[in-house]
Structures are given as C-alpha cells and as structure tokens.
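Everything on this sheet refers to the single structure shown next.
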Amino acid sequence: MASPQAKRPPPPPTHVLETALQVRDVAASTKFYKETLGVEPSLDTPRMSVFPLGQTTLLLFQLGGTASDSILPDNRGVIPGHGPSEDILTLLQPEKTTTGQQPNTTDTNPDTDTHSHLKQHFCLAVPSVEDVHAWEAWFADCGSGVRVTATVDWPKGGRSVYFADLDGNVGEIGSRGIWDHY
Numbered sequence: 005m006a007s008p009q010a011k012r013p014p015p016p017p018t019h020v021l022e023t024a025l026q027v028r029d030v031a032a033s034t035k036f037y038k039e040t041l042g043v044e045p046s047l048d049t050p051r052m053s054v055f056p057l058g059q060t061t062l063l064l065f066q067l068g069g070t071a072s073d074s075i076l077p078d079n080r081g082v083i084p085g086h087g088p089s090e091d092i093l094t095l096l097q098p099e100k101t102t103t104g105q106q107p108n109t110t111d112t113n114p115d116t117d118t119h120s121h122l123k124q125h126f127c128l129a130v131p132s133v134e135d136v137h138a139w140e141a142w143f144a145d146c147g148s149g150v151r152v153t154a155t156v157d158w159p160k161g162g163r164s165v166y167f168a169d170l171d172g173n174v175g176e177i178g179s180r181g182i183w184d185h186y
C-alpha cells in the first residue's frame, strides 16, 4: 500500500476555460458584448451565448435558466444545475416574480438603477498598457453606452479599465503587469 506522502494531485490546471455571467436578458447582453468587444458568439440561444476569447470562453446564461441539471443526449452525462439559488433570484428578479415580465436592464448606473445586481467580476487580458488605453478610447467613442467605472495603474506597470455591463457586472480589461504571472 502506498504511503499518504507518495500521493500527489494530478497536474495543475493551465487556465480558466470558462467564465460565466448570469444575465437578465441574453439577447440584449449578447448584443452588448458583440458591439462593445467586437466579438461574435459561437453559440447564441435564448438560454445562453458563448463567446470564444483566445483559450478562454465567456458564457452568458439567462438568469435562473441553469438551475436544473441538463441531461446531455447520447448518454454523454449531466451538467449539474448551477447559478443563483431561488432566494437570490427573488432579489435579482423582483419584477419577474410579481408581474412575469423581465426587468428593464438598460440602466447600468448604480446611482439611478434600482435593481439588485450580482456585480460579478471578470477580467479580459490584453498584452500592453497601450492596448488598455485603446479600449478606454473605444469605450468613450463607440457610442454603445459603455460606462467606464474606474481605471487603475498597478505597481508592476500594468493598467486596467473597468466597465459596467447591462446587468451591473464589473468587466475589466487589463494589461500585463497586473500580477506576477501576467
């Protein structure tokens, strides 16, 4: 019998493959990310959109649409239900629980928007500080209503620009020099 010290975990993961955001309106959010980031989804359904970004994937899930297990065809397995619990959904979708309508998701200003938000955070990588500056200019000039919420110059020389999406999620575009490994 092998000693406990001889056991080792498998090789470590190399990167995050998927980042998932729960959104109130998949179609509106898909349009926002297409226009804001200039990327096309590889899958676009009423339940979800999938945006390939280099070696990673940005997933947009309909809020509450992933709570149940998804049984895959041909006996390939089951994707376990995930996302906010019912009590959290009630906070995030108060209008839906009383009127059956999706809430208006066009106001991304936390000073005037009265909806609850998950404010999930994600960071998209770009190689250089100049690239971050280009994204800042794009957000200011693109006319898509992207609201820059902050910029940060990091001690290691990196830079980030933060923005709000339609659901109040906190997006970040960051350059090398933010972390020791990037």
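Heads up: the sequence shown begins at 5 in my numbering, then just goes up one per residue. The beta-carbon is built from N, C-alpha and C at its ideal position, and this holds for glycine as well. Predicted, not measured: the structure shown is a model, and the values here were computed from it.
Cβ atoms of residue j and residue i: under 7 Å apart, would you say?
i	j	result
V165	V136	yes
V174	H125	yes
Q66	V30	yes
So the candidates are the options; which of them puts its Cα closest to the Cα of residue i?
i	options	result
V156	A129, G58, I182	I182
V27	G178, F167, D171	D171
R163	V130, I83, N79	V130
R180	L128, S89, L95, L63	L128
I92	K123, R80, D78	K123
L95	T60, A31, H121	H121
G178	S89, A138, V30, V150	A138
A154	A141, D169, E176, F55	E176
L25	D78, E39, P88, R80	P88
F143	E39, G85, T18	E39
H86	Y186, D48, F167, G68	G68
Apply the 10 Å Cβ neighbour rule to residue i and answer buried if 16 or more other Cβ atoms are within range, or exposed otherwise.
i	result
L21	exposed
I83	exposed
D184	exposed
S46	exposed
V152	exposed
Q97	buried
Just checking my contact of residue i with residue j at CB under 8 Å: how many whole Å lie between their CB atoms?
i	j	result
M52	L64	6 Å
D145	F36	D145 to F36, Cβ: 16 Å. No contact.
T23	L62	6 Å
Discussion item. I want to know whether the stretch 11–23 touches the stretch 68–76 - three or more CB-CB distances under 8 Å.
Written reply: Touching, no, given that fewer than three Cβ pairs across the two stretches are closer than 8 Å.
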